[in-house]
Amino acid sequence: MPGTPPGNLHSKRRLALVGGSLGNLVEWYDWFVYASFAIYFADSFFPGDNPTTQLMNTAGIFAVGFVMRPVGGWVLGRAADRHGRKSALTLTVTMMSVAALLIAVAPTYGQAGYFGALVLLLARLLQGMSIGGEYAASATYLTEASARNRRGLGSSFQYVSMTCGQLLGLGILITMQHTLTTAQLESWGWRIPFVLGALFAVVVFWIRRRLTETDAFTEETSGEGGHDNTRGTLKALWQHRRQAGLVMALTLGGTVAYYTYTTYLTKYLIGSAGMAKNTATLVSFTALTVFAVLQPFAGMLSDRIGRRPLLITFAVGCTLGTYPIMTALGSASSYWSALGLSLLALVIVTGYTSINAAVKAELFPTRVRALGVALPYAIANALFGGTAEYVALWFKNSGHETMFFWYVSGCALVSLVTYVLMPDTRNAALSRAESEADSAESEGDPAEARVRAAAPAEAGR
């Protein structure tokens, strides 16, 4: 690469991977730790004798956090397209740390009545806004910062970091379950992970301040695109409304399945299978560990065979497999049987999670890429992902729990149709340099194409 030693380029990409992934880890740690510890703090904010009702109240606040995700996707997606991916990534992690502190100090019902629940609600709204921007900023950053033939691998680390954030929360939960009594966890112990989340964010803030902008964004703002006042606006996104619709449709099945087999799984094993809290938590922890390890391998596979084969495999497996897997999990009597079934479900879900960030980023041009990923994805999550746990508990409370299994299958079926009809995005050009490389290759100059593809920053300046 002219002007940029290969070693520096590799270091830059490693730092981008670490910065984007670690920040994403902390963001999703703070987001998911709420769900992981809800079984211990639900009655602190919502008194009553019905545990399911208490969990429904906390799940309702969990879902309300998703309402702000489209707002965060719009505001922070616009900021990422206009001012850079780095600035948006720094802002999102700051917002998340503030929200975590609010939850940590929220007064209980016994201390301040429902004011504590109001603080909890405000914190979740702030977290929702932060996550709405974090997904798009990190998905765009990880995809743009990766080599063209490794974008599937690079973007797979988004769900690696998301899952590791949840694993960190579950690991802390398991540790606390073995060092504190249940009474202590319900009284004050549940506050500890939120304090830790705020502290983790300080470290990530420092790392993200050292990141450099992606070549695609730098190229866009240094050329004619730098004077484009519509960059990152809803007007610009409207010009790509078909792609935005695709993002919503392809997200639908994946987000419902993901939240079903991650955040809701522990509660399902406890409430429906009758499994002990400690055992159910250990099942989730082990299954998610394997799930995180699988993501890069699936991402690399998509770089070789394309994105659509993995997406279609996920959708078929989820459509046909949800009912039997969830039914079997509901009667699982041991750690090993529950673990095997959970792993089967998460292997299927990997077909979506490992590459969805790359697919969405590859659908849009640089000038509206972050907003194009953020807003439709956040809307789909607000409508379906954030409500998955609440819908599951609602069906359970009404005595028709198996209807939720069909609901998940139906969502996956809608996405399956989308995957079959949409184009494969693996070879999409994300920058002007990559477009020029494609042109050079089509004109019969593969050597020139390789040079341009390997040197996106220089070719675009």
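Under UniProt numbering, the first residue of the sequence shown carries the number 1, and numbering increases by one thereafter.
Cβ atoms here follow ideal geometry from the backbone N, Cα and C, with glycine treated the same way.
Check	Outcome
Residue of Y34, P365 and K396 minimising C-alpha distance to R231	P365
R426 beta carbon less than 7 Å from that of G245	no
Between the CA atoms of R124 and L252 - distance to the nearest angstrom	22 Å
Cβ-Cβ distance between R69 and Y141 below 7 Å	no
Rounded distance between the beta-carbons of A382 and V67, thought under 8 Å	6 Å
Own chain partners of R461 with C-beta closer than 6 Å, once the 5 adjacent residues on each side are dropped	Reliability of the predicted coordinates at R461 is poor, the pLDDT of 31 falling under 50, and no value is obtained from them.
Outcome for H400 when other beta-carbon atoms lying within 10 angstroms are tallied against a minimum of 16	exposed
Contained beta strand (DSSP E) runs [length at least 3] in the stretch 329 to 353, N- to C-terminal order	none
For V33 and T182, the rounded distance between their alpha carbons	17 Å
Residue interval of the alpha helix (DSSP H) (run including Q278)	Per the sequence shown, the amino acid found at residue 278 is Asn instead of Gln. Per DSSP, N278 belongs to the alpha helix (DSSP H) from K277 to I305.
Meets three-Cβ-pair contact criterion under 8 Å: the stretch 269 to 283 and the stretch 407 to 426	no
Whole-Å CB distance - A136 paired with A370, under 8 Å assumed	5 Å
C-beta contact flag for Y259 and G385 at 7 Å	yes
Inter-residue Cα distance where the pair is G113 and T163	34 Å
Neighbourhood of T263 by C-beta, 7 Å cutoff - its chain only, sequence neighbours within 5 removed	F32, A35 and E389
Meets three-Cβ-pair contact criterion under 8 Å: the stretch 84 to 99 and the stretch 149 to 159	no
Nearest-angstrom Cα separation, counted from A380 out to T319	18 Å
Q239 (DSSP reduced to helix, strand or coil)	coil
Which listed residue (L234, N356, L250 and E213) has its alpha carbon closest to that of G73	L234
Contact set for T350: own chain, Cβ-Cβ below 6 Å, skip 5 residues either direction	L294 and A298
7 Å Cβ cutoff met for W104 and L126	In the sequence under discussion, the amino acid at residue 104 is Ala, which differs from the Trp named in the question. No; because the gap between Cβ atoms is not below 7 Å, this pair is not in contact.
Delimiting residues of the alpha helix (DSSP H) encompassing T230	From DSSP, T230 is part of no alpha helix (DSSP H); its letter is neither H nor E.
Exposed unless 16 or more other CB atoms sit within 10 angstroms - verdict on V359	buried
Completely contained alpha helix (DSSP H) runs for the stretch 53 to 105, where each covers 4 or more residues	85 to 105
Of the residues G254, A292 and A429, the one placed nearest T418, counting alpha carbons only	G254
Below-7 Å beta-carbon distance, V105 vs any chain C residue	Annotation note: the requested chain C is absent from the structure, which comprises a single protein chain.
Secondary structure of residue 479, DSSP reduced to three states	Since the first and last residues shown for the chain are 1 and 461, residue 479 lies out of range.
Nearest to E213 (by Cα), restricted to the options L375, T143 and V247	T143
Which listed residue (K396, T313 and S187) has its alpha carbon closest to that of F41	S187
Per-residue burial, L17 [other beta carbons within 10 Å of its own, 16 or more giving buried]	buried
Cβ-Cβ distance between S354 and S161 below 7 Å	no
Residue closest to S333, alpha-carbon to alpha-carbon, out of S272, L101, V368 and S415	S272
Helix, strand or coil at T262 according to DSSP, with G and I counted as helix	coil
From E362, A80 and L118, residue whose alpha carbon lies closest to that of V247	E362
Three-state secondary structure (DSSP) of N427	coil
Straight-line gap, residue 463 to D30 (C-alpha atoms, nearest Å)	Limits of the chain in this structure are 1 at one end and 461 at the other, which puts residue 463 out of reach.
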